[in-house]
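Participant:
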Amino acid sequence: MTGQHTAWVSGLIYDALRRRYNGLCHVATLFYAAIMMRAEQKMWQCGSRVHATCCRYASLFVVLLIGLSLSGCDIPQGNRRPAHGIKKPPAVGVRSPEFKQCAGKLSSLGARYTPLPDKNYGGGCTAYGALQLDNIGVPVTRLGPMTCSLAQHFTAWVRYGVRPAARIYLGSDVVRVDSFGTYNCRRIAGSSRLSEHAKANAVDVAAFLLADGRRISLQNGWNAADPRQRKFLRAVRDSACKRFRTVLSPDYNAAHHDHLHFDMGGRGGYCR
Ligand SMILES: [Zn+2]
0 MTGQHTAWVS GLIYDALRRR YNGLCHVATL FYAAIMMRAE QKMWQCGSRV
50 HATCCRYASL FVVLLIGLSL SGCDIPQGNR RPAHGIKKPP AVGVRSPEFK
100 QCAGKLSSLG ARYTPLPDKN YGGGCTAYGA LQLDNIGVPV TRLGPMTCSL
150 AQHFTAWVRY GVRPAARIYL GSDVVRVDSF GTYNCRRIAG SSRLSEHAKA
200 NAVDVAAFLL ADGRRISLQN GWNAADPRQR KFLRAVRDSA CKRFRTVLSP
250 DYNAAHHDHL HFDMGGRGGY CR
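Numbering-wise, numbering that gives the first Met the number 0 puts 186 at position 187 of the sequence shown, and it's gapless, one number per residue.
Quick look at the structure:
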């Protein structure tokens, strides 16, 4: 085997490896196997030659190159273990680590809940990583599926935002929260985009029933003559702005004149 010949074949192999051109890689490997056999035959005759050591090293070099080319060739997936570093796709929904972590926080807030199976309703409407809140200390009407992070922040808002504000501004305890619901497969009014409600990632709150029998609604209380009602409703809105990513109140537009909308979509920090 001449030096020119070796350089040409080496170029062929490395080019195949570099381009990951599988067919050529295998052809080159077979070609090398043939050369190796020829070189080994020559090696046995090397003993009678002057450059015997050179012949043996050349043979060893050829064998090493075969190993290199084999390691560079792609092997059909069925016969191959996954390459190091390639991981399974991450778990989503109720099986995800994020859900488990969130569920732990929800439990530590004292909430009772039932995880719901992940659902795809079609048309982009889903309820992944959702749960049903069973008890957060205060009854809440019309709560359907909620993503865990929404449920977690809602629970904390009722506990640390709504209840203390009612005592401070209205001198009474909240005994019920009335909502307009959570999951709803619909688009944002006046837009082609799906609402966060279509992902079980939003909740609408309409009113608060107090222990003294008063019912403070967004519709009647936001601009009520009684300043305590106005202050209470703005205090619970401002508390929500620290917890949810998006908060829309009657200040936002006419569509929200009778409820507070909270969701965990978008980049956050939207509070009106
Ligand atoms: Zn809403």
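The beta carbon of each residue, even a glycine, is placed where N, CA and C say it ideally should be.
If you're wondering where the values come from, they're calculated on a predicted model, not measured in any experiment.
Are at least three pairs of beta-carbons, each pair with one atom in the segment 205-215 and one in the segment 173-189, less than 8 Å apart?
Facilitator: yes
Participant: Assuming residue 147 and residue 184 are in contact, meaning their beta carbons sit under 8 Å apart, how far apart are those beta carbons, in whole angstroms?
Facilitator: Contact flag wrong, Cβ pair sits at about 20 Å.
Participant: Where in the segment 213-249 do unbroken runs of the alpha helix (DSSP H), each at least 4 residues long, occur, reported from the N-terminal end onward?
Facilitator: The qualifying runs are 217-220, 226-240.
Participant: State whether the segment 187-198 contacts the segment 154-161, with contact taken as three or more CB pairs (one from each stretch) at a distance under 8 Å.
Facilitator: no
Participant: Which residues, in chain order, sit with a beta-carbon under 6 Å away from any heavy atom of ligand 1?
Facilitator: 196, 201, 203, 260
Participant: Which stretch, first to last residue, makes up the alpha helix (DSSP H) that contains residue 103?
Facilitator: 96-107
Participant: Specify the secondary structure class of residue 130 as computed by DSSP and reduced to three states.
Facilitator: Strand, per DSSP.
Participant: So residue 231 and residue 152 are in contact, right, with Cβ under 8 Å, and what is the actual spacing, rounded?
Facilitator: Not a contact, Cβ separation roughly 20 Å.
Participant: Strictly under 8 Å for the Cβ-Cβ distance: is residue 269 near chain B by that measure?
Facilitator: No chain B appears in this structure, which consists of one protein chain only.
Participant: To the nearest angstrom, report how far apart residue 248 and residue 235 are at their CA atoms.
Facilitator: 10 Å
Participant: Can you list the beta strand (DSSP E) stretches of 3 or more residues lying completely in the segment 113-165, in chain order?
Facilitator: 118-121, 124-126, 129-134
Participant: In three-state DSSP terms, what is residue 205?
Facilitator: strand
Participant: Taking the C-alpha atoms as reference points, what is the distance between residue 213 and residue 134?
Facilitator: 22 Å
Participant: In terms of DSSP beta bridges, what is residue 168 paired with?
Facilitator: Residue pairing from DSSP leaves residue 168 without any beta-bridge partner.
Participant: Return the Cβ separation of residue 164 and residue 216 in integer angstroms, given the expectation that the two are a contact with Cβ distance under 8 Å.
Facilitator: A Cβ-Cβ distance of about 15 Å is found for the pair residue 164 and residue 216, leaving them out of contact under the 8 Å criterion.
Participant: Would you call the CB atoms of residue 144 and residue 182 closer than 8 Å?
Facilitator: yes
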